[in-house]
Amino acid sequence: MTELNAANAGTYKFDDQFVVNRLGYGTMQLTGKGTWGPYADPARAADVVTHATELGINFFDTADSYGPWFADRYLAEGLKGAANRDQIFISDKVGQTRQGPGIWTPHGEPNYLRQQVEVSMMTLGIDHEDLVFLHRIDSHFPVAEQVGELKKMQDEGKIRHIGLSQVSVDQLKEAQKYAKIDAVENLYNVSNHKDDDVVDYAQSQGMAFLPWFPLDTGRLIGADSPLSTIAKKYGVSEAQIALAWLLKRSPNILPIPGTSSIQHLEDNVAAANVKLSDEDFEALSQLSK
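Going by the working numbering, the first residue of the sequence shown is number 503, and it counts up by one from there.
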């Protein structure tokens, strides 16, 4: 049996200090309904994080708006038990406010972005952020001010890498005028890869691409569906095929599937062992354009 380890997905180099396994973990599901409030079983939430590290995951994606704050607390608690804590890379996000379940409102006022970084560092128990995404560009403030504030904190040593979330190629190019952008986090999966141009541009610029909602496979699953047929061919789950497709799509893609279940976590990590043929990859790529 092939070892269950995220390292089997290959690696991505952020800098000389951090080379991460490409299959990561997102904390969004470690909250209440509508990404609001605490998770029903906080101890289990922390245990899932700890187990993720035991499975070779050393790249975690989070945001203070998940809960808000609750996912960060569980992440910090879960990482206390990690044997390799100094080798774990965390990506964080700022620029969203929450007014209730399922409600997200961008706010990019520079002082607010700075406050979010400072409070997140306290919550996570760190002295700097490895990677901070501007969660959404706020149209009420110039991009120069929003990205510029992150650049100031980078110059102060509080942020190592800067990223943008849910952006177009043109927005990326605009942001690059004010800071070095090292990562993008957009909606992207085997069912919806309308942002192929963003993936390709990010790769050309040496940026990591984090696909959020990487397991949107619902409409592609069925007895005679291509995704289910290919999953049966490999003897794995549809979710593993969806993750394997992302890993093969481009070497700069770092999937961050989230779950509050140990069983689902292990199923996701097992995707690192699935190597799609070129033929099957192309067949899946035609499912959505």
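Backbone N, C-alpha and C define an ideal beta-carbon position, used for all residues, glycine too. Computed from a prediction, not measured in an experiment: that's the story for all the values here.
When C-beta atoms of the stretch 616-625 are compared with those of the stretch 535-553, fewer than three pairs fall below 8 Å, so the two segments do not count as touching. Excluding its 5 nearest sequence neighbours in each direction, residue 655 has C-beta neighbours in its own chain below 7 Å: 616, 619 and 661, listed in chain order.
Within the same chain, 692 and 747 come within 6 Å of residue 786 by CB-CB distance, once the 5 residues on both sides are set aside. Under the three-state reduction of DSSP output, residue 516 falls in the coil class, being neither helix nor strand.
Note on geometry: alpha-carbon atoms of residue 670 and residue 700 lie some 6 Å from one another.
In the three-state reduction of the DSSP assignment, residue 641 falls in the coil class. Shortest Cα-Cα distance from residue 606 to any of 576, 628, 591 and 637 involves 637. Between the stretch 727-740 and the stretch 516-531 there are fewer than three C-beta pairs closer than 8 Å, too few to call the two in contact. About 4 Å separates the beta carbons of residue 773 and residue 745, which is inside the 8 Å limit, making them a contact pair.
A distance below 6 Å between beta-carbons, with the five flanking residues on each side excluded, links residue 558 to the following residues of its chain, in chain order: 507, 508, 509 and 523. Contact check for residue 597 and residue 572: beta-carbon distance about 19 Å, past the 8 Å limit, so the pair fails to qualify. Residue 740 and residue 788 have their alpha carbons spaced roughly 16 Å apart. Residue 688 sits in a strand when the DSSP states are folded into three classes. Look at residue 594 here: in three-state DSSP terms it is strand. Selection 766, 736, 679 and 685 evaluated against residue 515 yields 685 as nearest (Cα-Cα). Taken in chain order, the complete alpha helix (DSSP H) segments of 4 or more residues contained in the stretch 620-687 are 645-657 and 671-677. A buried status is given to residue 575, since no fewer than 16 other beta-carbon atoms sit within 10 Å of its beta-carbon.
Shown here for residue 542: same chain residues with a beta carbon closer than 8 Å to its own, the five before and five after excluded, namely 534 in chain order.
The beta carbon of residue 782 lies closer than 6 Å to those of 732 in the same chain, with the five residues before and after it left out. Residue 588 sits in a helix when the DSSP states are folded into three classes. Contact annotation: residue 663 and residue 689 have beta-carbon atoms that are not nearer than 9 Å. Assignment of residue 599 by DSSP, reduced to helix, strand and coil, places it in the strand class.
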